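Inspection log for the structure reproduced underneath, given as structure tokens.
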Amino acid sequence: MNWCFIIPLIVGLICALLGYLLGKQSAPSTTKVIKDVDNTQVLKWRQKYADLEGQLAECRKSLELEREMDSVGSVLPFDAAKVKAVFGKKVRQDDLKIIEGIGPKIEELFHNNGIKTWKDLSETTVLRCKKILKSGGKAFEIHRPDTWPKQAEMAYNGLWEELRQWQKTLDGGR
Numbered sequence: 005m006n007w008c009f010i011i012p013l014i015v016g017l018i019c020a021l022l023g024y025l026l027g028k029q030s031a032p033s034t035t036k037v038i039k040d041v042d043n044t045q046v047l048k049w050r051q052k053y054a055d056l057e058g059q060l061a062e063c064r065k066s067l068e069l070e071r072e073m074d075s076v077g078s079v080l081p082f083d084a085a086k087v088k089a090v091f092g093k094k095v096r097q098d099d100l101k102i103i104e105g106i107g108p109k110i111e112e113l114f115h116n117n118g119i120k121t122w123k124d125l126s127e128t129t130v131l132r133c134k135k136i137l138k139s140g141g142k143a144f145e146i147h148r149p150d151t152w153p154k155q156a157e158m159a160y161n162g163l164w165e166e167l168r169q170w171q172k173t174l175d176g177g178r
């Protein structure tokens, strides 16, 4: 047997055993440090989670309050007699056909897309109006809804005289 192979093998085994014993002896302190760091991180994340939960609760409360105010405070009375005096015809509340450029078919198209009131139309972008018209087919694509949201806002706010004067200058909603 050749000692050149046996001596390195025995030295390797002794080093491996020594490394194992030293590693095992120092491991509990390393584990404790890791546990302390983990506990610190966990406490930080829990605190952050609690803060975010509080912020979310505040946001939800604020949103609920805003919705409540929106539904109660923003309902303006509709004066049918005043509208009839200005436009010379009977107009129903939230009748989109009062908007220059919107007829019965376009009104139906908008109703099918969730825009049923003057307020809804006033909060709709011109780009969305164009997309709705495009979804109706080629016959509707020729219409230009550039002023429709502003007209709807005026109708929603009861600015009938101003709306009528502006509509006199418009050509099919343009």
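Whatever position you read off the sequence shown (first residue = 1), add 4 for our numbering.
Positions of the beta carbon are idealized from the N, C-alpha and C atoms, including for glycine.
Just so it is clear, the structure is predicted and the values come from calculations on it, not from any experiment.
Secondary structure of residue 147 (DSSP, three-state): coil.
The Cβ atoms of residue 164 and residue 125 do not sit closer than 8 Å to each other. Taking all protein chains in view, the Cβ of residue 114 is crowded by 16 or more other Cβ atoms within 10 Å, so the residue is classified as buried.
If you draw a straight line from the Cα of residue 140 to the Cα of residue 110, it comes to about 8 Å. Excluding the 5 residues flanking it on each side, residue 145 has same chain C-beta neighbours closer than 7 Å at 137 and 138, in chain order.
When only Cα atoms are considered, residue 14 and residue 23 end up about 14 Å apart.
Taking the C-beta atoms as reference points, residue 162 is found no nearer than 8 Å to residue 98. When secondary structure is reduced to three states using DSSP, residue 114 falls in the helix class. With 16 or more neighbouring CB atoms inside 10 Å of its own CB, residue 104 falls in the buried class. Nearest in C-alpha terms to residue 89, of all of 6, 168, 8 and 108, is 168.
Distance from the CA of residue 142 to the CA of residue 172, rounded to the nearest whole angstrom, comes to 27 Å. For residue 124, the uninterrupted alpha helix (DSSP H) run begins and ends at 122 to 126, by DSSP.
Secondary structure at residue 55: helix, using DSSP grouped into helix, strand and coil. Burial state of residue 122 is buried, judged by a 10 Å Cβ sphere holding 16 or more other Cβ atoms. At the C-beta level, residue 149 and residue 133 come within 8 Å of one another. Under the three-state reduction of DSSP output, residue 161 falls in the coil class, being neither helix nor strand.
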